[in-house]
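Asks: Residues 86 to 382 (this note's numbering) make up the sequence shown, in order.
Just so you know, even glycine gets a beta-carbon here, dropped at the ideal spot from N, CA and C.
A quick note: this is a predicted structure, and the numbers were derived from the prediction, not measured.
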Amino acid sequence: MLASARAPRRLTISHPSGWRLREPTGLEFRRLVELIHDTAGISLNETKYALVVRRLSSRVRELGLDSLGDYTELVRADDSRSELTVMLNLIATNETHFFREPQHWEFLERDVYPVWAEAADANRRPRIVRAWSAACSTGQEPYSLAMQLLTHLPAMDGWRHELLATDLSTLALDTARSAEWPIERAAEIPGHYLREFMLRGTGERIGRMRARRELRDAVRFSRLNLNEERYDVPGSFDLVFCRNVLIYFSASGRAAVINRLADRLAPGGLLFVGHAESLHAHRDRLRAVLPTVYTLV
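(1) When you compare each of 114, 188, 179 and 122 to residue 374 by their alpha carbons, which one comes out closest?
(2) Once you ignore the five residues that flank residue 160 on each side, which residues in its own chain have a CB closer than 6 Å to its CB?
(3) Determine, for residue 123, whether the minimum Cβ-Cβ distance to residues of chain D falls below 9 Å.
(4) Measuring straight from C-alpha to C-alpha, what distance separates residue 296 and residue 284?
(5) Quick one: what's got a C-beta closer than 7 Å to residue 277's C-beta in the same chain, skipping five residues either side?
(6) Less than 9 Å between the C-beta atoms of residue 229 and residue 190, yes or no?
(7) For residue 379, which of helix, strand or coil comes out of DSSP?
(8) Could you tell me the distance, in whole angstroms, from the CA atom of residue 341 to the CA atom of residue 369?
(9) To which residues does DSSP link residue 322 through a beta bridge?
(10) Grab the span of the beta strand (DSSP E) containing residue 206 for me, first residue to last.
(11) Quick test of your reading: residue 231 and residue 248, contact by CB under 8 Å. State the CB separation rounded to the nearest angstrom.
(12) I'd like to check one pair, residue 245 with residue 84: are the Cβ atoms closer than 9 Å?
(13) Measuring straight from C-alpha to C-alpha, what distance separates residue 223 and residue 324?
(14) In the DSSP assignment, what residue or residues form a beta bridge with residue 358?
(15) Measure the Cβ-Cβ separation of residue 225 and residue 262 and say whether it is below 9 Å.
(16) Using only CA atoms, which one of 138, 199, 217 and 256 lies nearest to residue 357?
(17) Is residue 180 helix, strand or coil by DSSP?
(18) With distances taken from CA atoms, which of 180, 206 and 205 is nearest residue 328?
(19) Would residue 381 and residue 336 qualify as a contact pair, given that the criterion is a beta-carbon distance under 9 Å?
(20) Comparing alpha-carbon positions, which option in 153, 106 and 242 lies nearest residue 211?
As structure tokens, then:
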């Protein structure tokens, strides 16, 4: 957290109406980032001052306030926690892509799905895959996984898929549930998946694309805060994706999340993290199958 007496002077926010955001004191800024950390596990410091101000200033003005300090007190006093949800929606980073980190998807197609299919044919495993996208953002990750599973382990061969996707941001989840994105996102999807699972918008929806019904029905979405001590998710999972989110946590918060995710791995299950998120410190519980892909020891 911040150790300086005042927040750094890096950004002045004003509005044509004459409204101007008062610069927070160091104490006010500390109280705000501590509230975010304590609630969501997101670790911010003075280097993120400009980001915090940019993301929250419009909401502060909308509420008729003039400082982040006043906004923090309003959030803390809101027993309904509705404004806390709004704040976390604004702070959360929702950068994602279809088939992000190609090595993960290639590994699944090459080394995982064929092995599962062979084991199922030999009655060594059930034809059920349970998967969890634990920080799904606007849905590209779980829908990428659904496209693969529906193709490589199809229902016509007796396979059943249970895909859960969760995120902190209710706004991101709304987009994910709608399964609709700008048409430019089509460039991220391999051609055979694009043709099979996506629809191009027409009329009022021109410039958009939407997942077909089969794909939309394959994923169940729910809000979940990874900073909570207990995760309200059912059972254990063959695949858990938690990529490019652990970097926003403190070391202790990251360790707690990893242990809770490991608790939800089925025997032989796989945990996928981002390319900058090594789990070397957890080698007592997890061993690397590939860089950034882990299984239980």
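Replies: Quick look at the numbers:
(1) Here residue 374 is taken as the residue at index 289 of the sequence shown, counted from 1. Nearest C-alpha to residue 374: 188.
(2) For the purposes of this step, residue 160 is identified with residue 75 of the sequence shown, where counting begins at 1. If we look at residue 160 and ignore the five residues flanking it on each side, its Cβ neighbours are 168, 169 and 172.
(3) Among the chains of the structure shown, chain D does not appear; only one protein chain is present.
(4) Locating residue 296 in the sequence shown gives position 211, counting from the first residue. Locating residue 284 in the sequence shown gives position 199, counting from the first residue. Whole-angstrom Cα-Cα distance: 6 Å.
(5) Here residue 277 refers to the residue found at position 192 of the sequence shown. Result list for residue 277: empty, nothing under 7 Å.
(6) Here the question's residue 229 lines up with position 144 in the sequence shown. Here the question's residue 190 lines up with position 105 in the sequence shown. Contact: yes.
(7) To locate residue 379, count along the sequence shown from 1; it is residue 294. Residue 379: strand per DSSP, three-state reduction.
(8) Stepping through the sequence shown from its first residue, residue 341 is reached at position 256. Stepping through the sequence shown from its first residue, residue 369 is reached at position 284. Roughly 14 Å separates the two Cα atoms.
(9) Translated into the one-based positions of the sequence shown, residue 322 becomes position 237. Paired residue(s): 350.
(10) By 1-based counting over the sequence shown, the position of residue 206 is 121. From DSSP, residue 206 is part of no beta strand (DSSP E) but of the alpha helix (DSSP H) over 198 to 206.
(11) Position 146 of the sequence shown, counting from 1, holds the residue named residue 231. Position 163 of the sequence shown, counting from 1, holds the residue named residue 248. Indeed, because the Cβ distance is near 6 Å, the residues count as touching under 8 Å.
(12) Absent from the structure is residue 84, since the part of the chain shown begins at 86 and ends at 382.
(13) For the purposes of this step, residue 223 is taken as residue 138 along the sequence shown, with counting starting at 1. For the purposes of this step, residue 324 is taken as residue 239 along the sequence shown, with counting starting at 1. Approximately 19 Å between the Cα atoms of the pair.
(14) What you label residue 358 is simply residue 273 of the sequence shown in a count that begins at 1. 327.
(15) Looking up residue 225 in the sequence shown gives position 140. Looking up residue 262 in the sequence shown gives position 177. Their beta carbons are not under 9 Å apart, which means residue 225 does not touch residue 262 by this criterion.
(16) The residue given as residue 357 occupies position 272 in the sequence shown. Residue 357 has its Cα closest to that of 217, out of 138, 199, 217 and 256.
(17) On the sequence shown, position 95 is the one that residue 180 refers to. Coil.
(18) Walking along the sequence shown from the start, residue 328 turns up at place 243. Of the candidates 180, 206 and 205, the one whose C-alpha sits nearest the C-alpha of residue 328 is 180.
(19) By one-based count along the sequence shown, residue 381 stands at place 296. By one-based count along the sequence shown, residue 336 stands at place 251. In this structure, residue 336 does not lie closer than 9 Å to residue 381 by Cβ.
(20) By one-based count along the sequence shown, residue 211 stands at place 126. Closest by alpha carbon: 242.
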